[in-house]
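Q: Residue numbers (the working numbering): 44 to 790.
Glycine included, each C-beta is placed from N, C-alpha and C at the ideal position.
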Amino acid sequence: MKIGAYICQGCELGDRLDSGQLATTATRDGKAALAKEHPFLCNAEGVAMIQNDIDNEGVNHLVIGACSRRAKTEAFNFENVTISRANLREGVIWVRPDTDEARELTQEMADDYIRMACAESKSMKIPAASGEQELTRELLVVGGGISGMTAAIEASKAGYKVDLIEKSGALGGVAGQLVKRVPAKAPYNEMADTGIAEMAAAIEADGNISVHLNSSVTKTSGAPGRFEVEVSTESGATNTVTTGSIIQATGFNTYDINKLPELGGGQSPDVVDQLTFEKLVKEANGGAIKRPSDGKEISNAVFVQCAGQRSEKEGHLPYCSGHCCLTSIKQARYAKEAGADATVIFTDLRTPGAGGEDFYRGGQEAGVSFSKGEVSEVVSAGGGLEVKYKDMILNEDCTIGADIVVLATGMVPNNGPDPYLAQDLKAAEEAEDESLVAELQAKVEVAPPSVLNLDYRQGTDLPHLKHGFSDSHFICFPYETRRTGIYAAGPVRRPMDMQQAQEDATGAALKAIQACENASQGRAAHPRSGDLSFPTFRIEGCTQCKRCTVECPFGAINEDEKGYPQYNESRCRRCGTCMGACPVRVISFENYSVETVGQQLKNVDMPDEFDEKPRILVLACENDAYPALDMAAMNRTEYSSFARVIPVRCLGSVNTIWVTDALNSGYDGIMLMGCQKGDNYQCHFVKGSEMAHYRMSKIDDTLQSLNLEQERVATYEVSITDTQRIPQLINEMEETIEKIGMSPFKF
């Protein structure tokens with residue numbers, strides 16, 4: 044190991060800080076073999092100086108004292124070395140006033156960050172791929188609807204082979220049952236052909252795409268880059284497909300119309316959902332549309348929006364399905380073209396997309412009537428139907444007659460059973476909660492069949508969001524699921540129309556290809572794309588507690604035949620949640636470990652209690668809290684000079700030993716800052732923030748046993764936009780310490 048420390052003087056660093064003192068701190072306290080200053084470290088000359096020391100001086104551990112680790116990543120991208128960044132710009136001079144009175148404390152901050160970076164560097168190893176990787180230029184797409192077909196076509200264009208699995212006897216899915224579609228390009232006021240036949244023909248002629256009809260996935264094992272998937276046909280024949288990544292595009296089912304008896308669902312055959320109406324129009328083949336009950340030609344059709352959706356009623360869909368309003372306008376135009384009157388009754392009419400408003404106007408021009416109202420009841424009357432509703436413009440109760448009523452019932456994802464349902468049931472059984480057991484058993488009995496049949500410890504299918512859609516990070520990583528290398532696309536991920544589904548499928552295909560390429564090199568996928576590190580453990584210290592296997596959000600850890608953790612490198616996202624979970628601290632990454640953080644916090648210069656200079660440790664999530672601090676610095680928002688910020692991969696990686704060590708080292712306050720948790724989580728690693736809050740909830744007992752105030756340790760949910768709030772929280776912690784006093788553990 045040879046540490047080289049490099050101190051930048053640019054961006055006012057040389058004016059605000061004594062760079063010579065920082066270099067001395069690096070060599071004297073940080074034990075760096077050499078330390079150099081440079082006017083602009085990120086320019087070509089500065090980068091060349093560092094590269095020369097790597098090539099000719101044997102430097103293999105870099106400490107760069109300059110800007111944030113989030114800045115100048117391309118300039119400071121050196122191979123076969125470890126890199127530690129001391130954040131002197133955003134973390135020091137930009138958050139402190141430029142006054143003579145503040146200069147001493149500002150220099151103290153900078154010196155500490157140099158010590159911390161050197162300490163981190165000593166504990167880091169140069170990560171390298173395991174050597175087990177292979178590049179598999181093949182994708183598996185499950186679902187032959189418009190999303191699945193689009194994903195297959197786009198992947199083929201990129202040179203990848205595709206196995207396309209469809210459970211029915213033909214490609215097309217729901218889109219294949221439609222007569223026309225809402226246009227995706229001009230002219231936006233006219234209905235368009237679905238294009239499904241052309242897509243199916245293109246797939247059939249594509250040598251890169253193998254279609255498996257009347258087939259399903261019966262087992263999925265392996266990992267990104269080397270999935271082994273068993274595909275079975277209805278006849279019982281089975282073959283195994285090797286694939287690099289998987290796209291689940293299994294679409295949706297329509298909401299059960301029988302759950303809407305007040306709207307005539309299940310009460311009259313002439314009350315139908317939108318997909319059934321498409322079938323009636325297709326059967327008409329350009330002629331008069333006939334109602335199901337008696338084959339009579341319809342003369343009046345009523346389309347009821349938000350039927351069983353956007354509703355707080357138990358069992359109904361609480362969300363908007365996105366496509367329904369435009370679909371009803373399209374179907375009302377079917378009715379007009381067939382010579383019938385058409386009325387759309389809505390509480391809100393939503394027409395998303397580039398041409399949505401034009402299509403709505405096209406409906407008006409075609410003679411479709413639109414009425415803003417809330418339908419209360421649909422009943423049979425006089426050989427037809429009556430729709431009773433409250434006209435929200437006239438504020439009157441109204442009734443309109445109809446030969447057929449079409450309910451916009453919305454989308455229910457075709458997603459298989461929720462893997463966590465079985466886990467919840469097991470926990471309820473262990474807790475002997477009979478009422479909860481009965482409730483969960485009822486859900487298990489009606490759960491849909493498995494789609495992917497994963498052999499993961501955490502369950503056979505993709506985890507669900509609260510509405511049953513495939514879980515994904517809806518803000519930052521919309522295609523990603525909790526199963527690395529497996530991507531969701533189309534309405535199985537969220538409600539969407541055909542145009543959105545095709546865009547979604549294209550994105551999923553690109554992400555699936557990226558997963559293959561990363562896996563072939565041993566590199567991590569999002570959000571630490573390119574990271575070569577992966578977790579290892581000391582078997583002699585492992586107690587087989589299984590916390591790592593249980594808490595891993597991504598199913599990257601199983602157990603071997605002896606009960607020890609068995610890591611699957613390609614599934615791992617490098618979040619470190621397993622490291623934070625380990626009670627005996629035997630799990631680590633080459634470039635991130637209990638030691639790399641522990642040594643940083645221990646190497647801060649700790650004033651004694653009489654100096655009245657408290658120290659506040661801030662463990663900040665690198666995905667939200669740390670960027671927010673950087674942006675606060677860009678805005679020159681000041682915060683306490685007593686804070687020392689250490690970025691962590693995820694709050695879930697925080698091991699409680701860091702809190703214990705910080706208290707024993709004399710820190711006066713400890714702050715953990717991570718992403719929002721819960722159903723609307725923003726945690727980049729899904730469960731990390733939630734797990735950290737759970738672990739920290741047990742810290743109060745430790746503080747009480749040490750006769751320390753509970754206020755000294757605090758955990759916060761923050762977002763990347765909290766550029767004003769986070770500095771305020773740090774300043775409030777300083778004020779709290781002033782009130783409760785300095786830590787009695789200072790020495």
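Comparing alpha-carbon positions, which option in L483, A243, R616, R128 lies nearest G212?
A: By 1-based counting over the sequence shown, the position of residue 212 is 169. Considering only alpha carbons, the answer is A243.
Q: Which residues bound the alpha helix (DSSP H) around I783?
A: In the sequence shown, counting from the first residue as 1, residue 783 sits at position 740. It spans 768-783 - the alpha helix (DSSP H) in which I783 sits, taken as one unbroken run.
Q: Express the C-alpha separation of I252 and S258 in angstroms, rounding to a whole number.
A: Taking the first residue of the sequence shown as position 1, residue 258 is located at position 215. Taking the first residue of the sequence shown as position 1, residue 252 is located at position 209. Answer to the nearest angstrom: the Cα atoms are 15 Å apart.
Q: Note down the Cα distance separating G215 from E665, rounded to an integer number of angstroms.
A: Residue numbering aside, residue 215 sits at position 172 when the sequence shown is read from its first letter. Residue numbering aside, residue 665 sits at position 622 when the sequence shown is read from its first letter. Spanning the two alpha carbons is a distance of roughly 43 Å.
Q: Three-state secondary structure (DSSP) at H510?
A: Against the sequence shown, residue 510 aligns to sequence position 467. It is coil, neither helix nor strand.
Q: Classify R679: buried if its beta carbon has 16 or more other beta carbons within 10 angstroms, exposed otherwise.
A: The sequence position of residue 679 within the sequence shown is 636, counting from 1. That one is exposed.
Q: Report all residues from its chain with a CB closer than 6 Å to the CB of Y530; omit the five preceding and five following residues, and keep chain order.
A: Translated into positions along the sequence shown, residue 530 becomes position 487. Answer for Y530: I290, Y522, A551, K554, A555, listed in chain order.
Q: When you compare only the Cα positions, how much space is there between T283 and V185?
A: Taking the sequence shown and counting its residues from 1, one reaches residue 283 at position 240. Taking the sequence shown and counting its residues from 1, one reaches residue 185 at position 142. So the alpha carbons of these two residues sit roughly 14 Å apart.
Q: Taking one C-beta from the segment 365-377 and one from the segment 474-484 each time, how about it: are there three or more such pairs within less than 8 Å?
A: Verdict: no, contact absent.
Q: To the nearest angstrom, how far is it from the Cα of I763 to the Cα of D667?
A: Position 720 of the sequence shown holds residue 763. Position 624 of the sequence shown holds residue 667. Each residue's alpha carbon lies about 4 Å from the other.
Q: Taking all protein chains shown into account, do 16 or more other C-beta atoms lie within 10 angstroms of the C-beta of R590, making it buried, or fewer, making it exposed?
A: In the sequence shown, residue 590 corresponds to position 547, counting from 1. By the neighbour-count rule (16 or more Cβ atoms within 10 Å), R590 is buried.
Q: If contact is defined by three or more beta carbon pairs under 8 Å, each pair taking one atom from either stretch, is the segment 704-711 in contact with the segment 161-179?
A: Output reads no: the segment 704-711 does not touch the segment 161-179.
Q: Given a threshold of 16 other Cβ atoms within 10 Å of its Cβ, counted over all protein chains shown, does F295 qualify as buried or as exposed?
A: Counting from 1 along the sequence shown, the entry for residue 295 is found at position 252. Classification of F295: buried, given that the 10 Å Cβ count is 16 or more.
Q: Which partner residues of L40 appear in the DSSP bridge assignment?
A: With the chain represented from 44 up to 790, any question about residue 40 goes unanswered, as that position is not in the structure.
Q: I'd like the list of long-range same chain contacts for C363, defined as Cβ closer than 6 Å, with 5 residues on each side in sequence excluded.
A: For the purposes of this step, residue 363 is taken as residue 320 along the sequence shown, with counting starting at 1. Contacts found: R353.
Q: For D743, which option in M734, E340, A735, R755 has the closest C-alpha, if you only look at C-alpha atoms?
A: Along the sequence shown, read from residue 1 onward, the residue named residue 743 stands at position 700. It is R755 whose Cα lies nearest to the Cα of D743.
Q: Rounding to the nearest angstrom, what Cα-Cα distance links G398 and G405 in this structure?
A: Along the sequence shown, read from residue 1 onward, the residue named residue 398 stands at position 355. Along the sequence shown, read from residue 1 onward, the residue named residue 405 stands at position 362. Looking at the two C-alpha atoms, the distance is approximately 10 Å.
Q: Taking DSSP as the reference, what is the three-state secondary structure of I518?
A: As a working mapping, residue 518 is identified with position 475 in the sequence shown. Of the three classes helix, strand and coil, the one that applies to I518 here is coil, per DSSP.
Q: Please tell me whether A735 and V697 are closer than 8 Å, where the distance is taken between their beta carbons.
A: Position 692 of the sequence shown holds residue 735. Position 654 of the sequence shown holds residue 697. Cβ atoms of A735 and V697: closer than 8 Å.
Q: With a 10 Å radius around its C-beta and 16 neighbouring C-beta atoms as the bar for buried, classify H274 as buried or exposed.
A: Taking the first residue of the sequence shown as 1, we reach residue 274 at position 231. A small correction: the amino acid at residue 274 is Val; His does not occupy that position in the sequence shown. With 16 or more other Cβ atoms within 10 Å, it is buried.
Q: Given this structure, state the Cα-to-Cα distance separating V422 from C368, to the nearest angstrom.
A: Looking up residue 422 in the sequence shown gives position 379. Looking up residue 368 in the sequence shown gives position 325. Cα to Cα, V422 sits roughly 23 Å from C368.
Q: Enumerated in chain order, which unbroken segments of the beta strand (DSSP E) with a length of 3 residues or greater are wholly contained in the segment 554-605?
A: For the segment 554-605, whole beta strand (DSSP E) runs of length 3 or above, ordered along the chain, are 600-602.
Q: In angstroms with no decimal places, state the Cα-to-Cα distance between L318 and S740.
A: For the purposes of this step, residue 318 is taken as residue 275 along the sequence shown, with counting starting at 1. For the purposes of this step, residue 740 is taken as residue 697 along the sequence shown, with counting starting at 1. Their backbone Cα atoms lie some 50 Å apart in a straight line.
Q: With a Cβ-Cβ cutoff of 8 Å, do C559 and G268 count as a contact?
A: Taking the first residue of the sequence shown as position 1, residue 559 is located at position 516. Taking the first residue of the sequence shown as position 1, residue 268 is located at position 225. Yes. Within cutoff.
Q: Run the CB neighbour count on Y499, radius 10 Å, all protein chains shown included, and call it buried at 16 or more, exposed below.
A: For this step, residue 499 is matched to residue 456 along the sequence shown. Y499 is buried by the Cβ-count criterion.
Q: Below 8 Å, how does it come out for the segment 180-197 and the segment 538-547: are there three or more Cβ pairs, yes or no?
A: Short answer: they touch.
Q: From S311 to Q220, what does the alpha carbon distance come to, in whole angstroms?
A: By one-based count along the sequence shown, residue 311 stands at place 268. By one-based count along the sequence shown, residue 220 stands at place 177. Rounded to whole angstroms, S311 to Q220 spans 23 Å at the Cα level.
Q: Quick one: which unbroken alpha helix (DSSP H) runs of 4-plus residues sit fully inside the segment 600-635? Chain order, please.
A: Within the segment 600-635, the complete alpha helix (DSSP H) runs of at least 4 residues are 620-624.
Q: Whole angstroms is fine: what's the gap from Q771's alpha carbon to M649's?
A: Position 728 of the sequence shown, counted from the first residue, corresponds to residue 771. Position 606 of the sequence shown, counted from the first residue, corresponds to residue 649. So the two alpha carbons sit approximately 23 Å from each other.
Q: Under the three-state reduction of DSSP, which class applies to V489: helix, strand or coil?
A: Taking the first residue of the sequence shown as position 1, residue 489 is located at position 446. In the structure shown, V489 sits in coil (DSSP, three-state: anything other than H, G, I, E or B).
Q: Please classify N301 as buried or exposed, where buried requires at least 16 other C-beta atoms within 10 Å of its C-beta.
A: Position 258 of the sequence shown holds residue 301. The residue is exposed, with fewer than 16 neighbouring Cβ atoms inside 10 Å.
Q: Report the start-end ranges of each alpha helix (DSSP H) in the segment 398-473 that is 4 residues or longer and not cut off at the edges.
A: As far as the segment 398-473 is concerned, its whole alpha helix (DSSP H) runs of at least 4 residues are 399-408, 462-473.
Q: Tell whether a beta-carbon distance below 8 Å holds between I780 and D711.
A: Start at 1 with the first residue of the sequence shown, and residue 780 comes out as number 737. Start at 1 with the first residue of the sequence shown, and residue 711 comes out as number 668. Cβ distance < 8 Å, so I780 and D711 count as in contact.
Q: Could you tell me if V494 is buried or exposed, where buried requires 16 or more neighbouring beta carbons within 10 angstroms of its beta carbon?
A: Locating residue 494 in the sequence shown gives position 451, counting from the first residue. The residue is buried, with at least 16 neighbouring Cβ atoms inside 10 Å.
Q: Here's the rule: buried if 16 or more other CB atoms are within 10 angstroms of the residue's CB, otherwise exposed. What is Y607?
A: Against the sequence shown, residue 607 aligns to sequence position 564. With fewer than 16 other Cβ atoms within 10 Å, it is exposed.
Q: So, is E209 buried or exposed, given that buried needs 16 or more other C-beta atoms within 10 angstroms?
A: The sequence position of residue 209 within the sequence shown is 166, counting from 1. With 16 or more Cβ atoms within 10 Å of its Cβ, E209 is classed as buried.
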